[in-house]
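Quick mapping for you: the protein sequence lines, in order, are chains A and B. So the first sequence is numbered by the numbering used here: it starts at -13 and just counts up by one. So the second sequence is numbered by the numbering used here: it starts at -13 and just counts up by one. Please read the structure below before turning to the comments.
2 protein chains.
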Amino acid sequence: MSESRPRIGIIGTGAIGGFYGLMLARAGYDVHFLLRSEYSAVVENGLVVNSAQHGSLKLQPVQAYRDAEQMPPCDWLLVGAKSTNNAALVPAIRAAAAPDAKVVLLQNGLGIEDGLRPLLPSNLHLLGGLCFICAHRSAMGVIEHEALGGINIAYHSGPADGQEAQMSLVQEGVSMFKAAGIDSTAMADLAQARWQKLVWNAPYNGLSVLLGAGTKPLMENPDSLALVRAIMEETFAAATACGCQLPEVLVDRMLVATSRMPDYLPSMYHDFAHRRPMELEAIYAAPLAAAAQAGCAMPKTEALLQALRFLEARNLDR
Amino acid sequence: MSESRPRIGIIGTGAIGGFYGLMLARAGYDVHFLLRSEYSAVVENGLVVNSAQHGSLKLQPVQAYRDAEQMPPCDWLLVGAKSTNNAALVPAIRAAAAPDAKVVLLQNGLGIEDGLRPLLPSNLHLLGGLCFICAHRSAMGVIEHEALGGINIAYHSGPADGQEAQMSLVQEGVSMFKAAGIDSTAMADLAQARWQKLVWNAPYNGLSVLLGAGTKPLMENPDSLALVRAIMEETFAAATACGCQLPEVLVDRMLVATSRMPDYLPSMYHDFAHRRPMELEAIYAAPLAAAAQAGCAMPKTEALLQALRFLEARNLDR
């Protein structure tokens, strides 16, 4: 474990974990990947990222593990698994973490660090990472990187004492990603970073499931576009009510950025299609509860959650 | 055309027109049916209603017509066609109407009489009929009557002068249906009657399409039930804002009644499944516009309409 080149562990090598892990490994970092169902395929064929931006990239051999106990102690742990069962990740995080390791949750939604914190040793730093990226797994060990890729990082809790120490640690993470060619921004306020990302996730994730449509058709139809905007505006207002003043232009900027993206099916669409649990708690229920606590109604977002919960109950029941 | 037994014409012999027409014919009324795609089947095999309440009923021969010009002048015209293209029904109504005929729109939604009135001769009475019935076509000329059957009637416009004359005419219609064994109520206020029915249609019609589910699963899942209730309450509040004070217990009463019904797929579900236009204008857009005019927001209902319009655009486009 060298000072200048921290060792990185990827907990959950899906589209997100796989993409960032491969980019960091290509930049010379010592990256170790925890895998489950894709272990054999990745050991045999390597990890592939087909990137619209970087071309076709392949990492082989991959430092791959089935069991976190076998991983060397990592200075940074990037958690790319779904937020639906974070408690189950704790043993792997404990096993792979170096003392004072930085654990970054590359997950969407609100309140997920609060849920995980009590389960982690107090010597671990916990951070949040908000990924602005269009990527999905297309096969075992194969990731399609369709657009974007930036990552906003903020500190949640741990041994770093005071704003300055925390920001310096966040800055370390930002520098690491930048060294790998990834756009990255240090955020002073994790809640703010999470609400900002939610303004995008709240409309597109749920509507992709409810309407069976990616971003392009949702942006092209005037009615779904109006619904997207309304849910963005409810989320923006909820953030404000919760004390996070987001940039005024955020909604318009996100609409423009999304309309310029190639058609994209968010992760929730794939989760539903594959009958996996959807991240309804972190992306919808937690923000709705926080907004209600602050006296702010989000009726269209709530209707969307209610519809999604009905669909999920039927989907997982079958 | 006798005084005591008015002649009845059915414009649009689907589930609604077919059911009420058959019941009236069985009660001895002189009923004439305008048909389109089902004409040959009905002439050959008659009209069948499989009723959970009345058993299996068959009308044969049927006084069936392809062309309204061939129909004898009718004292009552019951319009059972969809509200999505009412202007196209005007020639048939004109052709089949006796002088001073009573035209009853057995359709859901708001404002449909206002749309049709300017297209009708001024000597025709125009009424609205709100059908509380679970029925659907299962084959050419075959109607499944699953539950209920009552019909609330109110006067819209025409030669009847003053409240008393109008109510006496409405009462004639009520008596006619009652003589055919159908529960029927005279309503003094058509807008009130239409809003009342909308409290049921607004949640179930749209959600059956959006969630691909009938009333039973929608009532059994706590999240969809909460959404059903919320949309009912928005509709109730909109009615109040528009000056129609509905009975306080209406929402609870409808929820209880629906939970006791057998599983039912509303007409909008069938329309969507068969790629026919949905009655989005009458059931959603018109009430939303009226509510907005009265300063009342219906955010969950609006979200539902926006989602449905997206689905309809894709459905009709294919």
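The beta carbon of each residue, even a glycine, is placed where N, CA and C say it ideally should be.
Neighbouring residues, chain B, relative to residue 202 of chain A (Cβ below 7 Å)
Position 216 of the first sequence holds residue 202 of chain A. Simply none; closest approach about 12 Å.
Which of helix, strand or coil does DSSP assign to residue 24 of chain A?
Walking along the first sequence from the start, residue 24 of chain A turns up at place 38. Here residue 24 of chain A sits in coil by DSSP.
Name, please, each residue of chain B whose Cβ falls closer than 9 Å to the Cβ of residue 275 of chain A.
Taking the first residue of the first sequence as position 1, residue 275 of chain A is located at position 289. The contacting residues do not exist; residue 275 of chain A stays about 15 Å from chain B at best.
Which residues in chain A sit within 8 Å of residue 196 of chain B, going by Cβ to Cβ distance?
Position 210 of the second sequence holds residue 196 of chain B. Going along chain A in sequence order, the residues near residue 196 of chain B (Cβ under 8 Å) are 196 and 293.
Consult DSSP for residue 250 of chain B and reduce its assignment to one of helix, strand or coil.
Translated into positions along the second sequence, residue 250 of chain B becomes position 264. Three-state result, residue 250 of chain B: coil.
Spell out a yes or no on whether the region 211 to 220 of chain B and the region 258 to 265 of chain B are touching, meaning 3 or more CB-CB pairs, one atom from each, closer than 8 Å.
no
Quick check: residue 129 of chain B and residue 17 of chain B, are their CB atoms within less than 8 Å of each other?
Position 143 of the second sequence holds residue 129 of chain B. Position 31 of the second sequence holds residue 17 of chain B. Result no, Cβ atoms of residue 129 of chain B and residue 17 of chain B do not sit closer than 8 Å.
Would you please verify whether the beta carbon of residue 138 of chain B is less than 8 Å from any beta carbon of chain A?
Locating residue 138 of chain B in the second sequence gives position 152, counting from the first residue. So, not an interface residue.
If you follow the alpha helix (DSSP H) that residue 273 of chain A is in, where does it begin and where does it stop?
Indexing the first sequence from 1 puts residue 273 of chain A at position 287. Residues 272 to 279.
Using 8 Å for Cβ pairs, my map puts residue 139 of chain A next to residue 64 of chain A. What's the rounded Cβ distance?
Stepping through the first sequence from its first residue, residue 139 of chain A is reached at position 153. Stepping through the first sequence from its first residue, residue 64 of chain A is reached at position 78. So it is not a contact: roughly 11 Å between Cβ atoms.
Pairwise C-alpha distance: residue 112 of chain A and residue 146 of chain A
On the first sequence, residue 146 of chain A is found 160 positions in, with the first residue counted as 1. On the first sequence, residue 112 of chain A is found 126 positions in, with the first residue counted as 1. Distance between the alpha carbons of residue 146 of chain A and residue 112 of chain A is about 10 Å.
Any beta-carbon of chain E closer than 8 Å to the one on residue 280 of chain A?
Of the protein chains in the structure, A and B, none is chain E.
For residue 296 of chain B, which residues in chain A fall below 7 Å Cβ to Cβ?
Locating residue 296 of chain B in the second sequence gives position 310, counting from the first residue. By Cβ distance, chain A contributes 197, 207, 209 and 210.
Check the C-beta distance from residue 87 of chain B over to residue 53 of chain B and give it rounded, since I have them as a contact under 8 Å.
On the second sequence, position 101 is the one that residue 87 of chain B refers to. On the second sequence, position 67 is the one that residue 53 of chain B refers to. With a Cβ gap of about 18 Å, residue 87 of chain B and residue 53 of chain B do not count as contacting.
Determine whether the Cβ of residue 213 of chain B lies closer than 8 Å to any Cβ atom of chain A.
Looking up residue 213 of chain B in the second sequence gives position 227. Residue 213 of chain B counts as touching chain A.
Within-8 Å CB hit, residue 289 of chain B to chain A:
Within the second sequence, the letter at position 303 stands for residue 289 of chain B. For residue 289 of chain B, the answer is yes, since a Cβ of chain A falls inside 8 Å of its Cβ.
Integer Cβ distance of residue 120 of chain A from residue 250 of chain A, believed to fall under 8 Å
Residue 120 of chain A sits at position 134 when you count from the first residue of the first sequence. Residue 250 of chain A sits at position 264 when you count from the first residue of the first sequence. Their Cβ separation, rounded to whole angstroms, is 4 Å, which keeps residue 120 of chain A and residue 250 of chain A in contact under 8 Å.
Test: residue 88 of chain B CB closer than 8 Å to a CB of chain A
Position 102 of the second sequence, counted from the first residue, corresponds to residue 88 of chain B. No - not a single Cβ of chain A is within 8 Å of the one on residue 88 of chain B.
Express the C-alpha separation of residue 173 of chain B and residue 158 of chain B in angstroms, rounding to a whole number.
Sequence index remark: in the second sequence, residue 158 of chain B carries index 172 (1-based). Sequence index remark: in the second sequence, residue 173 of chain B carries index 187 (1-based). When rounded, the distance between both Cα atoms is 12 Å.
Chain A beta carbons: is any one of them nearer than 8 Å to that of residue 299 of chain B?
Stepping through the second sequence from its first residue, residue 299 of chain B is reached at position 313. Closer than 8 Å: yes.
Please state the DSSP three-state secondary structure of residue 35 of chain B.
Taking the first residue of the second sequence as position 1, residue 35 of chain B is located at position 49. The answer is strand: DSSP assigns residue 35 of chain B an E or B state.
Less than 8 Å between the CB atoms is what I'm expecting for residue 95 of chain B and residue 272 of chain B, so what's the real figure, rounded?
In the second sequence, residue 95 of chain B corresponds to position 109, counting from 1. In the second sequence, residue 272 of chain B corresponds to position 286, counting from 1. The pair is a contact, with the Cβ atoms about 6 Å apart (cut-off 8 Å).
Can you tell which of A:258, A:269 and A:180 has its C-alpha closest to the C-alpha of residue 300 of chain A?
Reading the first sequence from its first residue, position 314 is the one you call residue 300 of chain A. Comparing Cα-Cα distances from residue 300 of chain A to each of A:258, A:269 and A:180, the minimum goes to A:258.
Under a Cβ-count criterion, where at least 16 other Cβ atoms within 10 Å of its own Cβ denotes burial, should residue -13 of chain B be classed as buried or exposed?
On the second sequence, residue -13 of chain B is found 1 positions in, with the first residue counted as 1. With a pLDDT of only 40 at residue -13 of chain B, under the threshold of 50, the placement of this residue in the model should not be trusted; the figure read from the coordinates follows. Classification for residue -13 of chain B: exposed.
DSSP state of residue 107 of chain B, grouped into three classes?
By one-based count along the second sequence, residue 107 of chain B stands at place 121. If DSSP states are grouped into helix, strand and coil, residue 107 of chain B belongs with coil.
Using 8 Å as the Cβ pair cut-off and three pairs as the minimum, do the region 285 to 299 of chain A and the region -2 to 12 of chain B touch?
no
Spatial distance of residue 297 of chain A from residue 47 of chain B (CA atoms)
As a first step, residue 297 of chain A is located in the first sequence; it is residue number 311 there, counting from the start. As a first step, residue 47 of chain B is located in the second sequence; it is residue number 61 there, counting from the start. For residue 297 of chain A and residue 47 of chain B, the distance between alpha carbons rounds to 46 Å.
For residue 191 of chain B versus residue 252 of chain B, is the C-beta spacing smaller than 8 Å?
Counted from its first residue, the second sequence places residue 191 of chain B at position 205. Counted from its first residue, the second sequence places residue 252 of chain B at position 266. Yes.
Is residue 238 of chain B buried or exposed, if buried means 16 or more other CB atoms sit within 10 Å of its CB?
Position 252 of the second sequence, counted from the first residue, corresponds to residue 238 of chain B. Burial call: exposed.
Cross-chain neighbours of residue 183 of chain A in chain B, by beta carbon under 9 Å
Translated into positions along the first sequence, residue 183 of chain A becomes position 197. What residue 183 of chain A touches in chain B: nothing, since even the nearest Cβ is about 22 Å away.
Between the alpha carbons of residue 219 of chain B and residue 28 of chain B, how many angstroms are there, rounded?
Numbered from its first residue, the second sequence carries residue 219 of chain B at position 233. Numbered from its first residue, the second sequence carries residue 28 of chain B at position 42. Those two C-alpha atoms are separated by around 42 Å.
Residue 300 of chain A by DSSP, collapsed to three states: which one?
The residue you call residue 300 of chain A lines up with position 314 of the first sequence. In the structure shown, residue 300 of chain A sits in a helix (DSSP, three-state: H, G or I).
Would you say the beta carbon of residue 233 of chain A comes nearer than 7 Å to a heavy atom of the ligand NAP?
Only the bare structure without any ligand can be found here, which leaves the ligand NAP out of the picture.
Do residue 99 of chain A and residue 142 of chain A have their C-beta atoms within less than 8 Å of each other?
Here residue 99 of chain A refers to the residue found at position 113 when the first sequence is read from its first residue. Here residue 142 of chain A refers to the residue found at position 156 when the first sequence is read from its first residue. Yes, these two residues count as a Cβ contact at 8 Å.
Exposed or buried, which one is residue 42 of chain A when buried takes at least 16 other CB atoms within 10 Å?
Residue numbering aside, residue 42 of chain A sits at position 56 when the first sequence is read from its first letter. The residue in question, residue 42 of chain A, is exposed, as its Cβ has fewer than 16 Cβ neighbours within 10 Å.
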